[in-house]
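Participant: Got a structure here, written out as structure tokens. Questions coming.
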Amino acid sequence: MEPRIGVYICHCGSNIAGTVAVEEVAQFASGLDSVVVARDYKYMCSDPGQNLIKDDIKELGLNRVVVASCSPRMHEPTFRRACEDAGLNAYLFEMANIREHCSWVTEDKQAATEKAKALVSAAVRRIYYQEPLETREVPVNSNVLVLGGGIAGIQAALEIADSEHQVYLVERDSSIGGHMAQFDKTFPTLDCSACILTPKMTTVGQHQYIQLMTYSELEEVSGYVGNFQAKIRMKAKYVDQEKCTGCGRCQELCPISVPSEFDQGLGKRKAIYIPFPYAVPNKAVIDAESCSHLKGLKEGKDVCRLCEKGIEKKGIAGCEAGAIDFSQEDKIVEVEIGSIIIATGFQQFDPSVIYEYGYGHYDNVLTGLQFERLSNASGPTSGEILLTDGRTPESVAIIHCVGSRDQNYHEYCSRVCCMYSLKYSHLIREKIPNAQIYQLYIDLRCFGKGYEEFYNRLQKEGVNFVRGRAAEVTGVAETPEEKGKLVVLCEDTLISRQRRIPVDMVILSCGLEPRADAGEVARLVKISQSADGFFLEKHPKLDPVATATDGVFVTGCCQGPKDIPDTVAQASAAAARVLAMISKGKVEVEAITSVIDEKLCSGCKICKDLCPYGAISFDEEKKVCSVNEALCKGCGTCVAACPSGAITGRHFTTQQLLAEVEGVLV
Amino acid sequence: MKTKVLNGKNLAQEISALPGGEGINLCIQCGTCSASCPNANRMEHAPRELIALARAGMYDEILSSNSMWFCLSCYLCTVRCPRGIKITDMMHALDRVATRRQLSNARTQTPTMYKSFSDFVYSIGSIPEVGFMTWFYLLSNPLRALKMMPVALSLLKHGRLPVKARRLKPEAERQRRAILDKAEELEGIL
Amino acid sequence: MSFEPKIVGFMCNWCSYAGADLAGTSRIKYPPNVRVIRLMCSGRVDERLILKAFALGADGVLVCGCPPGDCHYLKGNLSARRRVMGLKPFLECIGIGADRLRLDWISASEGLKIGETVESFTETIRKLGPSPLRRSNHDN
Amino acid sequence: MKYYTYFPGCSASHGGAKAYDLSARAVAKAPDVDLIELDDWNCCGSTPYTAVDELASLCSSGRNLALAEKRGFDMVTPCSACYVILNRTNSSLKEYPELKAKVDEALAAGGLEYRGTVKVRHLLDVFVNDVGYDEITSKVQNSLTGLKVAPYYGCQIVRPGPGFDHPEFPQSLDRLVESLGAEAIPFPLKARCCGGSLIISEEDIALGLINKLLDSASSNGAECIATVCPLCQTNLDAYQSRVNKKFKTSFNLPVLFFTQLMGVAFGIESQALGLEKCIVSAEKVLAGCLNR
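Chains as they are written, first to last, in my numbering: chain F, 230 to 895; chain A, 35 to 224; chain W, 14 to 153; chain B, 24 to 315.
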């Protein structure tokens, strides 16, 4: 069908007409090949403006429409809809940006008009070759995979499950709860972390719409938005979870003690263990690395098994439920889901790399998480704040910004340290009323709701605030009163004095950093990481939970350091996005995709390796590549790369682009 | 060596334009440098304060102080600075500005010491310790020379005070001077 | 009359084109010589497009993409860089000159940078003079 | 045979640290390290020159680098001050093109050119990383068994870096001392300042710092201190008596260059190591292991 093109030049009030001679441009346009009509009008985006187009389509039988006005990023959807209303395929519409790219950036009226003409002629030449495209829709599988069982994952999972959609909650450790389960109190409200978290944890454990997969790792993801397939490795627990009653007898029997991860190495756990009293599921697992029987089996020896058999001569029985099962092996489970929520959280910055802070060299230099455990009633000291020698500290220094705001480690601010540091001084004050507490800070960032008030409260409680970053923690005493103490060196910048502050205990308020294997996860679900290593959201302001991969959402600290309120809010947001997809039931997939002409494809696979979305697969029989249009996002990188020109990028075909180049150069 | 007095360029710009001086714009005033400095408590203004003063435009305050002359070049501040500021280099940049502006500082002998050291580097390309020391004490305070006698003698006794200076071969010396003269001619990086 | 460079700009939809829009909304003034062609990703830019532009008499070609790490399609911009860098020597040896082809990273928030880039590139081309491939009927 | 361009520096070649140069050359022979002295090198300028005239100081140390570049080998110096200054020259020339342009022009006036390819290394780096601890141990004839040594690095060998060891908690000298059979005692201040050249202009400051170092070393049971820098050695050794006078202390800690310790262990006789140049005599503590 011979193209019949209509061209419409918008005045945009004086925004365009003030600089560009719109009539002249319309005049010029009407002279171009295949242009049936060219008009200019005050506001093309207004209803009358749109009707102008609609009527011409009907009356003049236009089959191509060009509007020269603002940026397509602004009104392309508007005019596409108008065309569709008049029965014209949306992809037979093209826009020339003569406002943002022309009238607004050029002072010289004549030059502006010339440029406008060039842009219009480009659009006209381009549209000559444009073809109708269909946006396709695919059904959305309503099952959801949530990766990570911390507060973010828990919140998202519950929101979705409560609206009666199946959730697979995958957690690496043997219990959900994440970091929040380790905390003592939460700022600024000071309510006990466990008290507010455990109800949610148990709900997750019992929820009929949540399949909890603890001690499990995501292995592989394939498919595309609405229709993912995921492989999950459920690591062998060597304890039959159906039978285990969580009585804990096995822990008492087990002779092997190792440092407890949950207690940050301050306490011990057994080789067979339940990580903490309120764990969900509250069932034992055997850590194969430390279990002497499982290690023995590798050398064909059969040792220990006390947890299973008990100690006969003493008449102590082993696991009465008969749950111990050394024959277990890892299981790979495959699930079908429509969307994925990544909530893999953070890891604490390891301060041992900052040698001058003495972590690992001096006892009683603790990380933030260690202090949480020390102060936690379920912790190794049952909540008593004690030095390694069992004494009660008379003075404690809390050092801010450890690993954060520091080019040698992490440039970003970890956002939570100021507040949890303040919380610590309250917890210490509570338990050791006459302790000297020092806060060494650079800036106090108490930005959240009720945070500044919390800071004020702490001031009343009598905390020594020292404005200065600690330079060093040393055991080298220079005066008698420093003997046997940890001396914190800093400049009190408000009085410009060097200070040596002798204390019994030093707490390093360590920053939050991306998990060591974040890159691995990013690769699995094909999302990207920002420079700091946290997962990259689609838009930092307007789309903070979506990612570059449709159907994959991020929430919580894996996307960037944040406190619990923000995490919960973001988790609910992610859930809302997922539920929106589910309730719509279908997703539109990009019509602008690449197609490979099998006849031309030489099977070199260059495109396959270039595609960031794994949308291109190689057909071993035909020895050619083909594009999965549901995965393709139409970036066109493969089109440009194909040495045999076998790939066409829809709506950005070489022909169309060359015509456009021709146009701008008239 | 001839010193040049500079056009009245504002010091903050002047310093930030110097190798090592860029840092003053980046500083977050955390005090790590001052706290790490083995000598800060002897300085009239510790490094962090110097940067603050420079930002506040209090140049005379800075240049007339003993601070930069008390830098020991131990680089502890530099490796610890969370903003990657080369504070040691900045201190020496300040030394240079002060020198060029011919602001001698009465309260420390270091400028004189640096100057006399440099004179030897410049003139013969090596440091004959005896010569240098005597030269310095003559320039600063001959009486201190007497106080130093015990140390000097013990060094001498252990054959550690060679009296003869090391000299380069004539053609090498000519080359060295040619380079330095050119440098002199090109001077003005401040 | 004086030589007015004709420059073809290829900009990715997500960063550079958006940046150019921002330049507009912030009323930043820059020379009218660059005419922008919108692509989904700078990774779509290939030798054919660039050479065709020169063949049709462009005096310069400006390719803009998202800053590395920010590419909307993860790493398309890096492919663009590879191609542009690969093409430069060729432009040298066919006498067009590598300086007539420029690649820049411009994010959606860098309206100002668009202005500066266009300004400086137009200047460069002005100095270089008309492209040897410019045919008389393309002169203005 | 490993070849290096050797830059002894003023103090070691003609100054108070002659013993350092002697012992360095002596011990280098055993593990086939060939230290070829740079002809007609000039003073690196040290800190004072950079603090007075940036360009001139870059040019004079640049001259040395340019000469060394012709040779092609790594440039190795036993002096921490030379080490830091020569490296600083390298990095400044990379970092500040406008400076480099001037330096190039100046060097050209002397018929020289510097492309910036010379790797400047400290002698300790060469011994521990190129030769290696095992090789060193294999050359030991009188093991220094039982000798308690405080390994003292000072500042400029590890800072500003990035160098061959940790800027605050270096280990290489500890390992080297141990590979000689001696015991490296824990020495918290091992990488702290000795006062440097301010010993001349601000003696009190320097003496205070030296006192801290000596105190930390002796209170941790050191019988002697091993140093890697002429100035550190002079400060700790020649000024020990003044510290004792000023702070009413009674330190009597021999301060040796690490190369002297190596020499003793390798069985080289003390003359060739310049041991007699120690102001605080090392004879007693080394009595067990000395060859005469």
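Just so it is clear, CB atoms sit at the ideal spot from N, CA and C, and this is done for glycine as well.
Evaluate contact between the segment 332 to 345 of chain F and the segment 866 to 885 of chain F, counting only Cβ atoms and requiring at least three cross-stretch pairs below 8 Å.
Facilitator: no
Participant: Quick one: Cα of A/LYS216 to Cα of B/ARG138, how far?
Facilitator: Within the second sequence, numbered from 1, the residue matching residue 216 of chain A stands at position 182. Within the fourth sequence, numbered from 1, the residue matching residue 138 of chain B stands at position 115. Taking the straight line joining both Cα atoms gives about 19 Å.
Participant: Apart from the five residues just before and just after A/ILE158, which ones in its own chain have a Cβ nearer than 7 Å to its Cβ?
Facilitator: Position 124 of the second sequence, counted from the start, is the residue given in the question as residue 158 of chain A. Same-chain partners within the cutoff: ALA199, ARG201.
Participant: Specify, as a first and last residue, the run of the beta strand (DSSP E) that B/VAL107 falls within.
Facilitator: Numbered from its first residue, the fourth sequence carries residue 107 of chain B at position 84. Run containing B/VAL107: none in the beta strand (DSSP E); it sits in the alpha helix (DSSP H), 103 to 118.
Participant: Can you tell me whether DSSP reads B/ALA207 as helix, strand or coil?
Facilitator: Here residue 207 of chain B corresponds to residue number 184 of the fourth sequence, with the count starting at 1. In the three-state reduction of the DSSP assignment, B/ALA207 falls in the strand class, which pools E and B.
Participant: Shorter than 9 Å from the beta carbon of A/CYS289 to some beta carbon of chain F?
Facilitator: Nothing can be reported for residue 289 of chain A: it is not among the residues displayed for chain A, which extend from 35 to 224.
Participant: Counting pairs of beta carbons, one from the segment 350 to 358 of chain F and one from the segment 878 to 888 of chain F, are three or more of them closer than 8 Å?
Facilitator: yes
Participant: Hey, F/ALA777 and F/LYS767 are a contact pair by Cβ (cut 8 Å); roughly how many whole angstroms apart?
Facilitator: Working through the first sequence from its first residue, we reach residue 777 of chain F at position 548. Working through the first sequence from its first residue, we reach residue 767 of chain F at position 538. Contact flag correct, Cβ pair sits at about 6 Å.
Participant: So which residues on chain B does F/VAL705 lean against when the C-beta distance must stay under 8 Å?
Facilitator: Start at 1 with the first residue of the first sequence, and residue 705 of chain F comes out as number 476. Those within 8 Å of F/VAL705 in chain B are PRO211, LEU212, SER239.
Participant: In whole angstroms, what separates the C-alpha of W/LEU69 from that of W/ASN90?
Facilitator: Residue mapping note: residue 69 of chain W aligns to position 56 of the third sequence, counting from 1. Residue mapping note: residue 90 of chain W aligns to position 77 of the third sequence, counting from 1. W/LEU69 and W/ASN90: Cα-Cα distance of roughly 25 Å.
Participant: Can you check DSSP and say which residues form a bridge with B/ASP227?
Facilitator: Working through the fourth sequence from its first residue, we reach residue 227 of chain B at position 204. Paired residues: none, contrary to the question.
Participant: Identify, in the order they occur along the chain, each residue of the same chain with its Cβ nearer than 6 Å to the Cβ of F/VAL564, setting aside the five sequence neighbours on each side.
Facilitator: Against the first sequence, residue 564 of chain F aligns to sequence position 335. Cβ within range, chain order: TYR397, ALA459.
Participant: Per DSSP, what kind of secondary structure is B/SER239 in: helix, strand or coil?
Facilitator: Taking the first residue of the fourth sequence as position 1, residue 239 of chain B is located at position 216. DSSP places B/SER239 in helix when its eight states are reduced to three.
Participant: Do you know whose CA, among F/LYS414, F/LEU603, F/LYS527, lies nearest F/ASP492's CA?
Facilitator: The residue given as residue 492 of chain F occupies position 263 in the first sequence. Looking at the Cα atoms, F/LEU603 is the closest of the given residues.
Participant: So, do the segment 24 to 39 of chain W and the segment 299 to 306 of chain F have three or more beta carbon pairs nearer to each other than 8 Å?
Facilitator: yes
Participant: Name, please, each residue of chain A whose Cβ falls closer than 9 Å to the Cβ of B/SER83.
Facilitator: Within the fourth sequence, numbered from 1, the residue matching residue 83 of chain B stands at position 60. Chain A residues near B/SER83: VAL155, TYR156, GLY159, ARG210, ILE213, LEU214, ALA217.
Participant: Shorter than 9 Å from the beta carbon of B/GLU121 to some beta carbon of chain F?
Facilitator: To locate residue 121 of chain B, count along the fourth sequence from 1; it is residue 98. It does not: the Cβ of B/GLU121 has no partner Cβ on chain F nearer than 9 Å.
Participant: In the DSSP output, what is B/ILE180 paired with across the bridge?
Facilitator: Position 157 of the fourth sequence holds residue 180 of chain B. Residue pairing from DSSP leaves B/ILE180 without any beta-bridge partner.
Participant: Taking F/THR722 as the query, report the chain A residues whose CB atoms sit under 7 Å from its CB, ordered along the chain.
Facilitator: What you label residue 722 of chain F is simply residue 493 of the first sequence in a count that begins at 1. Neighbours of F/THR722 on chain A, chain order: GLN63, GLY65, ARG82.
Participant: May I ask you to list, following chain order, the residues of the segment 185 to 217 of chain B that have a beta carbon less than 8 Å from some beta carbon of chain F?
Facilitator: Listed in chain order, the positions of the segment 185 to 217 of chain B with a beta carbon within less than 8 Å of a beta carbon of chain F are HIS189, GLU191, PHE192, PRO211, LEU212.
Participant: For F/GLY547 versus F/ARG534, is the C-beta distance shorter than 9 Å?
Facilitator: The residue labelled residue 547 of chain F in the question sits at position 318 within the first sequence. The residue labelled residue 534 of chain F in the question sits at position 305 within the first sequence. The answer is yes: Cβ separation under 9 Å.
Participant: Run down chain A in chain order and give the residues with a C-beta less than 7 Å from the C-beta of F/SER725.
Facilitator: As a working note, residue 725 of chain F is residue 496 in the first sequence. The contact set of F/SER725 on chain A, defined by CB atoms closer than 7 Å, consists of ALA80, GLU83 in chain order.
Participant: Using a Cβ cut-off of 9 Å (strictly closer), state whether W/ARG113 contacts chain F.
Facilitator: The residue you call residue 113 of chain W lines up with position 100 of the third sequence. W/ARG113 does not count as touching chain F.
Participant: With a threshold of 9 Å between beta-carbons, can W/PRO45 be considered close to chain F, or not?
Facilitator: Sequence index remark: in the third sequence, residue 45 of chain W carries index 32 (1-based). W/PRO45 counts as touching chain F.
Participant: Find the residues of chain A that neighbour F/CYS719, judging by a C-beta separation of less than 7 Å, and give them in chain order.
Facilitator: Position 490 of the first sequence holds residue 719 of chain F. Those within 7 Å of F/CYS719 in chain A are GLY65, ALA69.
Participant: Cβ of A/LEU196 less than 9 Å from any chain B Cβ?
Facilitator: Your numbering for residue 196 of chain A matches position 162 in the second sequence. Residue 196 of chain A is actually Pro in this sequence, not Leu. Closer than 9 Å: yes.
Participant: Going along chain F, which residues have a C-beta under 8 Å from A/PRO116?
Facilitator: Residue mapping note: residue 116 of chain A aligns to position 82 of the second sequence, counting from 1. Within 8 Å Cβ-Cβ: CYS630, ARG634, ASP635, GLN636, ASN637, ARG698.
Participant: Only counting the same chain, and skipping five residues up and downstream in sequence, which positions put a Cβ closer than 6 Å to that of A/SER70?
Facilitator: Against the second sequence, residue 70 of chain A aligns to sequence position 36. The answer, listed in chain order, is LEU110, CYS111, ARG114.
Participant: Whose C-alpha, out of F/ASP826, F/CYS854, F/GLU850, is nearest the C-alpha of F/CYS836?
Facilitator: Residue 836 of chain F sits at position 607 when you count from the first residue of the first sequence. F/CYS836 has its Cα closest to that of F/CYS854, out of F/ASP826, F/CYS854, F/GLU850.
Participant: List the residues of chain A whose Cβ lies closer than 9 Å to the Cβ of B/VAL251, in chain order.
Facilitator: Position 228 of the fourth sequence, counting from 1, holds the residue named residue 251 of chain B. Result: empty, since nearest Cβ-Cβ is about 14 Å, beyond 9 Å.
Participant: What does B/ILE59 touch in chain A if you count any residue whose Cβ is under 8 Å from its own?
Facilitator: Working through the fourth sequence from its first residue, we reach residue 59 of chain B at position 36. Result: empty, since nearest Cβ-Cβ is about 17 Å, beyond 8 Å.
Participant: What residues match up with B/PRO54 in a beta bridge as DSSP calls it?
Facilitator: Numbered from 1 along the fourth sequence, position 31 holds the residue referred to as residue 54 of chain B. The partner list for B/PRO54 (beta bridge, DSSP) is empty, contrary to what the question assumes.
Participant: Under 9 Å between the Cβ atoms of F/PRO417 and F/GLU623?
Facilitator: Working through the first sequence from its first residue, we reach residue 417 of chain F at position 188. Working through the first sequence from its first residue, we reach residue 623 of chain F at position 394. Not a contact, by the Cβ cut-off of 9 Å.
Participant: Under 9 Å, do B/VAL282 and B/LEU146 count as touching if we go by C-beta distance?
Facilitator: Reading the fourth sequence from its first residue, position 259 is the one you call residue 282 of chain B. Reading the fourth sequence from its first residue, position 123 is the one you call residue 146 of chain B. According to the sequence provided, residue 282 of chain B is Thr. The question's Val does not apply to it. Contact: yes.
Participant: Taking only the alpha-carbon atoms, compute the straight-line gap between B/GLU292 and B/ASN275 and give it to the nearest angstrom.
Facilitator: Taking the fourth sequence and counting its residues from 1, one reaches residue 292 of chain B at position 269. Taking the fourth sequence and counting its residues from 1, one reaches residue 275 of chain B at position 252. Between B/GLU292 and B/ASN275, the C-alpha separation is close to 23 Å.
Participant: Since F/ASN605 and F/ASP420 should fall inside the 8 Å C-beta cutoff, what is the C-beta to C-beta distance between them, to a whole number of angstroms?
Facilitator: Working through the first sequence from its first residue, we reach residue 605 of chain F at position 376. Working through the first sequence from its first residue, we reach residue 420 of chain F at position 191. Contact flag wrong, Cβ pair sits at about 14 Å.
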